[in-house]
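J.: Residue numbers (the UniProt record's numbering): 1 to 258.
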Amino acid sequence: MATTVTSASPDATFGYRGTDGTTIIAYRWDTVGPPHAACQLSHGMDEHALRYSEFARALIAKGVVVYGQDHRKHGATARSVTELGRLGHGGCVEIGVVVLTGTAALDLLEPAFNLDQPIELSALNTAFHPARTDFDWLSWDESVVEAYIRDPLCSVALDMESCKEMFLGARRIIDPEALRQIHNELPIFISVGDLDPLNQKLTLVEALVGRFRLAGLKNVTVKVYHGARHEVLNEINRDVVVNDIWSWLEHAISNISS
Numbered sequence: 001m002a003t004t005v006t007s008a009s010p011d012a013t014f015g016y017r018g019t020d021g022t023t024i025i026a027y028r029w030d031t032v033g034p035p036h037a038a039c040q041l042s043h044g045m046d047e048h049a050l051r052y053s054e055f056a057r058a059l060i061a062k063g064v065v066v067y068g069q070d071h072r073k074h075g076a077t078a079r080s081v082t083e084l085g086r087l088g089h090g091g092c093v094e095i096g097v098v099v100l101t102g103t104a105a106l107d108l109l110e111p112a113f114n115l116d117q118p119i120e121l122s123a124l125n126t127a128f129h130p131a132r133t134d135f136d137w138l139s140w141d142e143s144v145v146e147a148y149i150r151d152p153l154c155s156v157a158l159d160m161e162s163c164k165e166m167f168l169g170a171r172r173i174i175d176p177e178a179l180r181q182i183h184n185e186l187p188i189f190i191s192v193g194d195l196d197p198l199n200q201k202l203t204l205v206e207a208l209v210g211r212f213r214l215a216g217l218k219n220v221t222v223k224v225y226h227g228a229r230h231e232v233l234n235e236i237n238r239d240v241v242v243n244d245i246w247s248w249l250e251h252a253i254s255n256i257s258s
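1. Using a Cβ-Cβ cut-off of 8 Å (strictly less than) and excluding sequence neighbours within five positions of Arg17, which residues of its own chain qualify?
2. Counting only the same chain and skipping the five closest in sequence on each side, list residues whose C-beta sits under 8 Å from that of Trp246.
3. Thinking just about the alpha-carbon of each residue, which of Asn237, Pro34, Asp11, Gly210 is nearest to the one in Val144?
4. What did DSSP end up calling Phe14 once you bin it into helix, strand or coil?
5. To the nearest angstrom, how far is the alpha carbon of Ala78 from that of Gly33?
6. Measuring only the C-alpha atoms, how far is Phe135 from Val192?
7. Is Gln69 buried or exposed, if buried means 16 or more other CB atoms sit within 10 Å of its CB?
8. In whole angstroms, what is the alpha-carbon distance linking Ala207 and His48?
9. Identify every residue that forms a DSSP beta bridge with Ile188.
10. So what's Ala61 in DSSP terms, helix, strand or just coil?
11. Relative to the C-alpha of Asn199, which candidate in Leu124, Thr133, Asp244, Asn255 has its C-alpha closest?
12. Tell me which residues share the same chain as Ile253 and place their Cβ nearer than 6 Å to its Cβ, disregarding the 5 neighbours each side in the sequence.
13. Apart from the five residues on each side of it in sequence, which residues of its chain come closer than 7 Å, Cβ to Cβ, to Tyr52?
14. How about the region 173 to 187 and the region 156 to 163: do they share at least three Cβ pairs that are nearer than 8 Å?
15. Can you tell me the Cα-Cα spacing of Ile149 and Gly75, whole angstroms?
16. Please classify Ala127 as buried or exposed, where buried requires at least 16 other C-beta atoms within 10 Å of its C-beta.
17. Beta-carbon within less than 6 Å of Val98's beta-carbon, same chain only, minus the 5 sequence neighbours each way: which residues are those?
18. May I ask which residues mark the beginning and end of the beta strand (DSSP E) holding Cys154?
19. Which class does Ser42 belong to by DSSP, given the choice of helix, strand or coil?
20. Going by beta carbon distance, what residues of the same chain come within less than 6 Å of Val93, once the five residues before and after it are set aside?
21. Leaving out the 5 sequence neighbours to the left and right, which residues in its chain are closer than 8 Å to Trp140 when beta-carbon positions are compared?
22. Would you say Ile190 and Val224 are within 7 Å of each other, going by their C-beta atoms?
23. Whose C-beta lies closer than 6 Å to the C-beta of Thr101 among residues of the same chain, with five residues either side of it excluded?
24. When DSSP labels each residue in this structure, what does Gly227 get in the three-state scheme?
25. Within the same chain, show all residues whose beta-carbon is closer than 7 Å to that of Asn219, passing over the 5 residues directly before and after it, in chain order.
Quick look at the structure:
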């Protein structure tokens with residue numbers, strides 16, 4: 001049964017020590033009663049987990065306890081502001097279902113950038129001129145863009161070495177042998193906006209899905225939102241996006257439980 005939620009703040013903030021000794025700051029959003037599933041939020045580069053508090057609250061209203069963490073060198077996990085925008089190293093855990101938003105085949109995006117110079121994210125605004133800000137490509141919702149710009153833990157200059165590491169990691173994880181290590185029945189849901197510049201008119205998400213299927217993954221679902229930009233969970237139609245994700249999750253979770 002759904003419950004009324006009045007606050008997007010997490011119910012608990014805590015830290016745990018990573019394998020490299022880094023203290024990772026994490027958050028938990030609790031359900032009112034016993035949860036029937038758990039969700040692990042994983043944010044993107046140059047942001048932090050609390051930007052997805054609204055999404056977390058939508059899930060706990062459905063009985064799903066939500067955990068999220070600020071990745072190494074991001075958000076509250078960064079030891080200083082000079083670390084923001086840099087990448088660290090992490091691992092993975094066993095999971096039952098996967099939801100990806102704004103995801104692309106990053107190795108195919110790499111040629112669009114000169115990695116020997118700082119990446120200017122404002123270049124992603126090309127399709128949205130005249131742009132109001134350097135971050136119009138994130139969302140149609142001006143309040144979301146303004147909040148991102150004002151957030152001291154976001155919109156920082158991306159470290160060149162970290163960008164190189166990101167694309168290097170992207171090349172590693174699309175290795176066919178690595179993809180074949182994924183359980184072929186793993187349910188994967190990909191939601192993307194057709195105006196997301198990081199997906200280059202959907203060509204890069206199509207390439208990603210093609211690789212998944214070539215590797216033998218049998219349960220891949222793609223949902224495209226017309227007119228949406230990069231952050232579909234922060235778009236003006238985010239209620240529709242969240243409902244679609246929940247409908248898929250509910251079905252996937254019931255199949256795992258049965």
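Idealized CB from N, CA, C, for every residue including glycine.
T.: Taking the geometry as given:
1. Translated into the one-based positions of the sequence shown, residue 17 becomes position 17. Exclusion of the five residues before and after Arg17 leaves Thr23, Ile24 as the residues of its chain whose Cβ lies within less than 8 Å of its Cβ.
2. Mapped onto the sequence shown, residue 246 falls at position 246. Within the same chain, Trp246 has close Cβ partners Ala58, Leu59, Lys62.
3. Taking the first residue of the sequence shown as position 1, residue 144 is located at position 144. Nearest of Asn237, Pro34, Asp11, Gly210 to Val144, Cα basis: Asn237.
4. Numbered from 1 along the sequence shown, position 14 holds the residue referred to as residue 14. If DSSP states are grouped into helix, strand and coil, Phe14 belongs with the strands.
5. By 1-based counting over the sequence shown, the position of residue 78 is 78. By 1-based counting over the sequence shown, the position of residue 33 is 33. So the two alpha carbons sit approximately 33 Å from each other.
6. Position 135 of the sequence shown, counted from the first residue, corresponds to residue 135. Position 192 of the sequence shown, counted from the first residue, corresponds to residue 192. CA-CA distance, Phe135 to Val192, rounds to 17 Å.
7. One-based indexing of the sequence shown puts residue 69 at position 69. So Gln69 ends up on the buried side.
8. Here residue 207 corresponds to residue number 207 of the sequence shown, with the count starting at 1. Here residue 48 corresponds to residue number 48 of the sequence shown, with the count starting at 1. Taking the straight line joining both Cα atoms gives about 27 Å.
9. For the purposes of this step, residue 188 is taken as residue 188 along the sequence shown, with counting starting at 1. Secondary-structure assignment with DSSP links Ile188 through a beta bridge to Val98, Val220.
10. If you number the sequence shown from 1, residue 61 lands on position 61. Three-state result, Ala61: coil.
11. As a working mapping, residue 199 is identified with position 199 in the sequence shown. The closest CA to that of Asn199, considering only Leu124, Thr133, Asp244, Asn255, is found on Leu124.
12. Looking up residue 253 in the sequence shown gives position 253. The residues are Ala37.
13. Locating residue 52 in the sequence shown gives position 52, where the first residue counts as 1. Taking C-beta separations shorter than 7 Å and ignoring five residues to either side along the sequence, the partners of Tyr52 in its chain run Leu41, His43, Gly68, Leu233, following chain order.
14. With the cut-off at 8 Å, the region 173 to 187 and the region 156 to 163 do not touch.
15. Counted from its first residue, the sequence shown places residue 149 at position 149. Counted from its first residue, the sequence shown places residue 75 at position 75. Near 14 Å, if we compare the C-alpha coordinates of Gly75 and Ile149.
16. Within the sequence shown, the letter at position 127 stands for residue 127. With fewer than 16 other Cβ atoms within 10 Å, it is exposed.
17. Along the sequence shown, read from residue 1 onward, the residue named residue 98 stands at position 98. Cβ neighbours of Val98 beyond the five flanking positions: Ile188.
18. Within the sequence shown, the letter at position 154 stands for residue 154. For Cys154, no beta strand (DSSP E) run applies, since DSSP gives it neither H nor E.
19. Counting from 1 along the sequence shown, the entry for residue 42 is found at position 42. It is a strand residue.
20. Translated into the one-based positions of the sequence shown, residue 93 becomes position 93. In this prediction, Val93 has a pLDDT of 48, which is less than 50 and means its spatial position is unreliable; what the coordinates show is noted afterwards. Excluding positions up to five away in sequence, the list is empty.
21. Locating residue 140 in the sequence shown gives position 140, where the first residue counts as 1. Excluding five sequence positions before and after Trp140, the CB atoms of its chain that fall closer than 8 Å to its own CB belong to Gly227, Ala228, Arg229, Glu235, Ile236, given in chain order.
22. On the sequence shown, residue 190 is found 190 positions in, with the first residue counted as 1. On the sequence shown, residue 224 is found 224 positions in, with the first residue counted as 1. For Ile190 and Val224, no; Cβs fall outside 7 Å.
23. As a working mapping, residue 101 is identified with position 101 in the sequence shown. Excluding residues within five positions, the ones whose Cβ falls inside 6 Å are Ser191, Val232, Leu233.
24. Start at 1 with the first residue of the sequence shown, and residue 227 comes out as number 227. Note: Gly227 maps to coil in three-state DSSP.
25. For this step, residue 219 is matched to residue 219 along the sequence shown. Counting only Cβ-Cβ distances below 7 Å, and skipping sequence neighbours, we find Glu185, Leu186, Pro187, Ile188.
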